[in-house]
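Protein sequence lines, in the order shown, are assigned to chains X and U. Taken in order, the first sequence gives residues 1 to 291; the numbers are from the working numbering. Taken in order, the second sequence gives residues 292 to 548; the numbers are from the working numbering. Have a look at the structure below before the remarks.
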Amino acid sequence: MSEHVTDAPLKPPSADNGLLAVFQRRYLLRLLVQREISARYQGSFLGILWSYINPLTQFFIYWGVIGILFNLHANVPNFAIHLFAALILVHFFTETFGAGTRSIMRNKALVVKMAMPREMFPVATMLVSLYHVVPQIVILAVACVLTGWMPDLVGMGCLLLALAIIAAVGTAGALLFSAANVFFRDFGNIVNVFNNFVRFGVPMLYPYSMVEERFGRFSHYYLLNPLSDAVLLFQRAFWVGTADGPEERAKMVMPDHLILNGFLALGACLVLLGIAQIVFSKLENKIPERL
Amino acid sequence: MAASIVLENVSKTFTLRYHRTFKEVTVAKVRGHETSENFKAIDDVSFTVEQGESIGLMGLNGSGKSTLLKMINGVMRPDEGNLLTRGRIAGLIATGAGFHPQLTGRDNLVLNAAILGMSERELQRKFDDIVEFAELGRTLDAPVGHYSSGQKARLGFAVAIHVDSDIFLADEVLAVGDKPFRVKCIQKMTEIRKSGRTLFYVSHSPGSVKRMCDRVIVLENGRLGFDGDPDAGIHYLHYDGDDLAGTETDAQIGNDI
Chain X
1 MSEHVTDAPL
11 KPPSADNGLL
21 AVFQRRYLLR
31 LLVQREISAR
41 YQGSFLGILW
51 SYINPLTQFF
61 IYWGVIGILF
71 NLHANVPNFA
81 IHLFAALILV
91 HFFTETFGAG
101 TRSIMRNKAL
111 VVKMAMPREM
121 FPVATMLVSL
131 YHVVPQIVIL
141 AVACVLTGWM
151 PDLVGMGCLL
161 LALAIIAAVG
171 TAGALLFSAA
181 NVFFRDFGNI
191 VNVFNNFVRF
201 GVPMLYPYSM
211 VEERFGRFSH
221 YYLLNPLSDA
231 VLLFQRAFWV
241 GTADGPEERA
251 KMVMPDHLIL
261 NGFLALGACL
271 VLLGIAQIVF
281 SKLENKIPER
291 L
Chain U
292 MAASIVLENV
302 SKTFTLRYHR
312 TFKEVTVAKV
322 RGHETSENFK
332 AIDDVSFTVE
342 QGESIGLMGL
352 NGSGKSTLLK
362 MINGVMRPDE
372 GNLLTRGRIA
382 GLIATGAGFH
392 PQLTGRDNLV
402 LNAAILGMSE
412 RELQRKFDDI
422 VEFAELGRTL
432 DAPVGHYSSG
442 QKARLGFAVA
452 IHVDSDIFLA
462 DEVLAVGDKP
472 FRVKCIQKMT
482 EIRKSGRTLF
492 YVSHSPGSVK
502 RMCDRVIVLE
512 NGRLGFDGDP
522 DAGIHYLHYD
532 GDDLAGTETD
542 AQIGNDI
């Protein structure tokens, strides 16, 4: 009697979830990213400019206090570029982590009624943050060119590696905390505390040479932080290239095996992402009833 | 004929939390009060729906109809038991789809269609039909937060009905729509039924269930109370009593708030 018969297999209706499904449904992901970009600055006069005003003001505060007051301009060549390069990555991470943690709560209208991979929301937040990174990199590159920088192939590889590390670790954190935040809003506050640490845990306000000087052979523990590795790679891509002569270059200390460390850090971050996915899938089951 | 929806001993447990903050929990523990309680919204439910069947899901408020629908839809997973479905699922849960109150109806329409699995090209092809079916006029460009519940149901139903689904879920859509819209919905659902797709219809209205469905499932406090012929199911729920007879003639197709 029925002409409409599907040969699709019998399976649980919530089967096609997870991070892989997110990237299979690119149209939906694109819509969510577009919506978030327009929604973030809805009703504000300066709009998208705010995502530049915020890092730029931070830049000038640090530049003034650390550079001039603590006199790091004297010790670190092109300290402003050192600082801004790091700030871009730190900002990418804190935005992904902070906004990603709130993403499920913010989209609860959809989460409680529509069947979709909920990993979509933290991933979309990461992509929105990445979207904002691009013009900042352009500004940084212009500043670098003005100080006599030429892009090199290894440096560009470092740039991509650094972004991949931050994207992976940021998404992992956002995934874990966005689910946890549904159960206890405390996690949103923990993220703020954590983000405060990030600014000081990476070589942004101080150069890596200072870390090596203080910690000596223990400084490789400092490099266990994937955020530090990413920031150093990023500085290798931009800051190191601005050196004016071998004398200045000698002052720009980079750790040994920087690129190898970078790949190890990326691997570790991907493992972390896998763990975050497993935990998320476990918690996800209880999310709709808690919203 | 192949099975479309299979439930085997499905249960879903909800946790009621009385205290949320650290202070409240500590105080409650010290006094020896309960801090949380479990209850089963769905309790050991099993049934199989064949492709092309149209099922009327009935039951009193709070009997677990929406929870069951959410599990079939994939929003929730059962805690125990197995739930399997075949093919694409579309439909409405609790009178409306998930909408973003700040977004306009148009944006929500697009987002909703994408969530239900439409591709960009498919949506482009169907967009005008959906808009026409919803009949929202200029309201389409206003934020959904300002919509009435009837307008939300219109938009949600219009999107869901245009998805090429194998299983269609309809949860009390007719309860909030006006009469012309209800007639249109009934027509569309009849088309779905005739085309051999599986229809899962939640309603409190015996009249529309009798017209639309060839089998009724009744939930009682999360358990399967009845499964079988629509007339017997409606009788089982005592929905065929005298007190309802008068109103039913007026609202054959579900004036069921």
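No residue lacks a Cβ here, since even glycine has one placed at the ideal position from N, Cα and C.
Relative to the Cα of Ser337 of chain U, the nearest Cα in the group U:Tyr527, U:Leu394, U:Ile477, U:Gly516 belongs to U:Gly516. DSSP, reduced to helix, strand and coil, places Gly173 of chain X within a helical segment of the structure shown. Unbroken beta strand (DSSP E) runs of no fewer than 3 residues, entirely contained in the stretch 348-433 of chain U, are found at 371-377, 380-382, following chain order. Residue-level contact by beta carbon holds for His391 of chain U and chain X, with a gap shorter than 8 angstroms.
DSSP places Leu140 of chain X in the uninterrupted alpha helix (DSSP H) bounded by 120-146. In this structure, Tyr438 of chain U keeps its C-beta atom at 8 angstroms or more from the C-beta atom of Ala461 of chain U. Contact between Phe234 of chain X and Leu159 of chain X holds: their C-beta atoms lie close to 7 angstroms from each other, under 8 angstroms. Here Asp432 of chain U is exposed, its C-beta having fewer than 16 other C-beta atoms within 10 Å.
About 11 angstroms separates the beta carbons of Arg377 of chain U and Ser456 of chain U, which is beyond the 8 angstroms limit, so they are not a contact pair. Secondary structure of Val112 of chain X (DSSP, three-state): coil. Beta bridge pairing from DSSP links Val90 of chain X with no other residue. The residue from U:Glu482, U:Ile525, U:Gly519, U:Val340 with its alpha-carbon nearest to that of Pro497 of chain U is U:Ile525.
In the DSSP assignment, Phe45 of chain X falls outside any alpha helix (DSSP H), carrying neither H nor E.
Look at Arg185 of chain X here: in three-state DSSP terms it is coil, with no helix or strand label. Not a single C-beta of chain X is nearer than 8 angstroms to the C-beta of Ser327 of chain U.
Taking 7 angstroms as the Cβ-Cβ cut-off, the stretch 412-433 of chain U has no residue approaching chain X.
Scanning chain X for C-beta atoms nearer than 7 angstroms to the C-beta of Ser496 of chain U yields nothing, as the closest lies near 22 angstroms away.
The straight-line gap separating the alpha-carbon atoms of Met210 of chain X and Ile81 of chain X is approximately 17 angstroms. Put simply, of X:Gly47, X:Thr94, X:Arg25 the residue whose alpha carbon is nearest the alpha carbon of Asn195 of chain X is X:Thr94.
DSSP places Gly524 of chain U in the uninterrupted alpha helix (DSSP H) bounded by 521-527. Annotation: Pro369 of chain U to Leu224 of chain X spans about 41 angstroms, alpha carbon to alpha carbon.
Beta-bridge annotation (DSSP): Ile333 of chain U is paired with U:Lys303. Across the set U:Asn512, U:Val467, U:Ser486, U:Leu510, the C-alpha of U:Ser486 shows the shortest separation from the C-alpha of Gln342 of chain U. For Asn192 of chain X, none of the residues of chain U pass the 7 angstroms Cβ criterion, the least Cβ distance being about 18 angstroms.
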